[in-house]
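Just so you know, we're using the numbering used here here: the sequence shown kicks off at 364 and counts up by one.
The structure under discussion appears below in the form of structure tokens.
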Amino acid sequence: MDRNVIENLKTVESVELVSALTNNDLNDLCDATDLAIKDGGGFGWVELPSRELLERYWQGVVTMPQRLLFVGRLDGVICATAQLILPPANNEAQKQAVKLTTNFTVPWARGQGISKKLLKKVEDTAKDKGFKVINLGVRETQKAAVKFYESAGFELVGVHPYYAEIDGKPVSGRHYYKILQD
Numbered sequence: 364m365d366r367n368v369i370e371n372l373k374t375v376e377s378v379e380l381v382s383a384l385t386n387n388d389l390n391d392l393c394d395a396t397d398l399a400i401k402d403g404g405g406f407g408w409v410e411l412p413s414r415e416l417l418e419r420y421w422q423g424v425v426t427m428p429q430r431l432l433f434v435g436r437l438d439g440v441i442c443a444t445a446q447l448i449l450p451p452a453n454n455e456a457q458k459q460a461v462k463l464t465t466n467f468t469v470p471w472a473r474g475q476g477i478s479k480k481l482l483k484k485v486e487d488t489a490k491d492k493g494f495k496v497i498n499l500g501v502r503e504t505q506k507a508a509v510k511f512y513e514s515a516g517f518e519l520v521g522v523h524p525y526y527a528e529i530d531g532k533p534v535s536g537r538h539y540y541k542i543l544q545d
């Protein structure tokens with residue numbers, strides 16, 4: 364292919380809230396999850412679960428009304444995800460807050476701005492639904508994620524010395540919040 368043609372090719376980026384998964388989406392999500400876990404990016408799992416377990420997990424996410432699944436795509440391939448966990452209906456005192464979880468971008472898609480676009484979509488959706496604050500937790504070992512959240516305006520609440528356990532050893536975690544402005 365001509366070098367000028369290659370240089371002029373544009374990557375098509377998109378971010379969206381999804382409520383159903385196609386077979387391709389499910390495959391992309393499982394592949395992305397594998398890469399995130401292998402990269403040490405968290406997600407709760409330390410060891411790769413079976414493909415069947417991952418498929419059931421993602422299928423379950425889209426069926427749960429208390430979870431909103433967001434995906435980022437590059438050229439149609441899911442390469443980033445985030446979820447908002449909505450407060451339970453019986454928790455009136457915390458009805459203003461959502462929890463951000465399962466937010467990751469696969470290594471091959473980093474540095475292209477998809478993470479920022481995905482976070483903006485998450486924040487805009489939370490605001491549109493009337494929420495006033497987003498809470499999240501992240502392992503201290505995830506230095507890039509810590510830097511990303513802090514640069515995005517998340518405020519550190521505190522450090523939990525036993526946030527997680529990996530290889531039988533405690534790992535500290537950082538808890539953040541962000542007030543959603545109009």
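Think of the CB as a built atom: it goes at the ideal place given N, C-alpha and C, for glycine as much as any other residue.
Treat the numbers as computed from the prediction; the structure is a model and nothing was measured.
Asked	Found
Runs of alpha helix (DSSP H) lying entirely within the region 460-539, each at least 4 residues, in chain order	477-491 and 506-514
Residues near G555 by beta carbon distance below 8 Å, same chain, minus five either side	There is no way to answer for residue 555, as the model of the chain reaches only from 364 to 545.
Meets three-Cβ-pair contact criterion under 8 Å: the region 442-449 and the region 416-430	yes
Nearest neighbour of P470, chosen from K541, E410, A508 and Y512 [CA to CA]	A508
Identity of the residue in V520, R537, E518 and G516 nearest Y526 by Cα	R537
Local conformation of Q457 per DSSP, three classes	helix
Cα-Cα separation between K458 and P524, rounded to whole angstroms	28 Å
Cβ-Cβ distance between K479 and I542 below 8 Å	no
From N454, K462 and V381, residue whose alpha carbon lies closest to that of W421	V381
Nonlocal neighbours in the same chain, by C-beta distance under 8 Å from E486, ignoring five residues either side	I497, K541 and L543
Same chain only: Cβ atoms within 8 Å of A358, ignoring 5 sequence neighbours per side	Absent from the model: residue 358. The displayed extent of the chain is 364 to 545, so no value can be given.
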